[in-house]
Amino acid sequence: MSHLLREHAPITDAGWREIDTEARERLTPALAGRKLVDFAGPFGWERSATNLGRVAPLDGEPVEGVVAQQRRVLPFVELRAPFTVARSELRDLDRGAVDADFDALDAAATRIAVAENVAIFHGLGSAGIAGLCDESSHPPIALGDDAYDRYPTHVARAVEMLLSAGIEGPYGIALSPEAYTGVIETTERGGYPLLDHLKKIVGGPLVWAPGVRGAVVVSLRGGDLRFESGQDLSVGYDSHDGEVVNLYLEESFSFRVATPEAAVALTP
731 MSHLLREHAP
741 ITDAGWREID
751 TEARERLTPA
761 LAGRKLVDFA
771 GPFGWERSAT
781 NLGRVAPLDG
791 EPVEGVVAQQ
801 RRVLPFVELR
811 APFTVARSEL
821 RDLDRGAVDA
831 DFDALDAAAT
841 RIAVAENVAI
851 FHGLGSAGIA
861 GLCDESSHPP
871 IALGDDAYDR
881 YPTHVARAVE
891 MLLSAGIEGP
901 YGIALSPEAY
911 TGVIETTERG
921 GYPLLDHLKK
931 IVGGPLVWAP
941 GVRGAVVVSL
951 RGGDLRFESG
961 QDLSVGYDSH
971 DGEVVNLYLE
981 ESFSFRVATP
991 EAAVALTP
């Protein structure tokens with residue numbers, strides 16, 4: 731039996747397939763950080779921490795002539811986003827309905843995806859996670875109130891900063907939803923799409939990134955930014971009554987910046 735307790739839910743196999751499919755379809759486009767950093771795992775729910783490969787000295791000697799040190803680790807954080815599904819909708823699914831109301835699931839998927847993105851890009855201090863924007867050794871580039879046709883200048887400057895630090899490409903860009911919309915709606919002189927121009931500058935993807943403030947240019951060479959997954963995002967069962975089933979989306983992970991030179995923040 732899994733700790734997700736799915737076996738105890740009044741949901742058929744067909745119902746679970748639809749719920750899992752809906753969750754996956756809603757999560758995939760929103761998990762921006764995973765598209766730009768190294769993903770390791772999943773290693774399982776029992777995994778509790780990331781080995782940092784370092785030690786911290788302990789005060790005193792447990793026995794004279796013996797030095798004690800403690801291994802340093804980064805504990806995993808657990809995220810959970812609850813939601814409900816009406817039992818009437820589940821019964822309709824079993825009858826063959828293809829338009830089930832999963833609005834609550836969609837909202838929960840958006841919330842937990844944003845929370846993961848925030849942890850990766852801006853950190854989660856209470857969990858000891860430093861975001862790549864805060865950890866970047868480069869001064870941020872202010873976007874200010876410039877029109878979107880100034881974005882190529884800002885992004886090219888960020889790429890130049892990365893190259894000057896010895897950080898090779900290709901590179902990718904995480905864009906806040908507002909910035910992403912502005913970019914895809916903008917054409918430059920001659921009708922050339924701004925989106926295509928920025929892709930040529932970085933040599934990699936432009937990613938829609940809910941939870942990101944402004945934009946971030948990141949090296950995709952690998953080995954610089956590591957997301958370690960314990961339990962990957964999964965749907966679990968909590969409880970039910972005669973009307974609704976209470977479910978949740980849950981994951982565990984850590985994130986660390988190995989190379990602070992590998993990202994440049996473009997601040998709004």
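The sequence shown runs contiguously to residue 998 in our numbering.
Note that the Cβ used here is the ideal one computed from N, Cα and C, for glycine as well.
May I have the straight-line CA-CA distance separating N847 from A798, to the nearest angstrom? If I take the Cα positions, the gap works out to 38 Å.
For P940 and A843, which I take to be in contact (beta-carbon distance under 8 Å), what is that distance rounded to the nearest angstrom? 7 Å between Cβ atoms; contact.
Considering S818, what are the terminal residues of the alpha helix (DSSP H) in which it resides? If you look at S818, you'll find it in the alpha helix (DSSP H) that goes R817 to D824.
How would you write the range of the alpha helix (DSSP H) that F851 sits in, first residue to last? That run of the alpha helix (DSSP H) goes D833 to H852.
Does the count of Cβ pairs from the region 953-964 and the region 975-992 closer than 8 Å reach three? Yes, the region 953-964 is in contact with the region 975-992.
Buried or exposed: which applies to H738, given that a residue is buried once 16 or more other Cβ atoms fall within 10 Å of its Cβ? Per the 10 Å Cβ criterion, exposed.
Excluding the five sequence neighbours on either side, which residues of its own chain have a C-beta within less than 7 Å of the C-beta of N976, listed in chain order? Shown here for N976: same chain residues with a beta carbon closer than 7 Å to its own, the five before and five after excluded, namely P812, T814, D968, S969 and H970 in chain order.
G902 versus E980 - alpha carbon distance: For G902 and E980, the gap between their C-alpha atoms comes out near 27 Å.
Between which residues of its own chain and P787 is the CB-CB distance below 7 Å, once the five residues before and five after are set aside? Q799, listed in sequence order.
Straight-line CA distance for D962 to G774? C-alpha separation (whole angstroms): 8 Å.
Given 8 Å, three or more beta-carbon pairs between the region 824-838 and the region 751-768: Short answer: they touch.
What three-state label does DSSP hand A744 in the structure shown? In the structure shown, A744 sits in a helix (DSSP, three-state: H, G or I).
Give the DSSP bridge partners of H970, in chain order. As DSSP reads the structure, H970 sits in a beta bridge with V975.
Residues in the same chain with beta-carbon distance under 6 Å from R870, minus the five sequence neighbours each way, listed in chain order, please. Correcting the residue identity first, residue 870 is Pro in this sequence and not Arg. Answer for P870: A995 and T997, listed in chain order.
Rank S894, L873, L893 and L950 by C-alpha distance to the C-alpha of H884 and give the top, closest one. Of the candidates S894, L873, L893 and L950, the one whose C-alpha sits nearest the C-alpha of H884 is L873.
Could you tell me the alpha carbon to alpha carbon distance between A838 and L804, rounded to whole angstroms? It is roughly 26 Å from the alpha-carbon of A838 to the alpha-carbon of L804.
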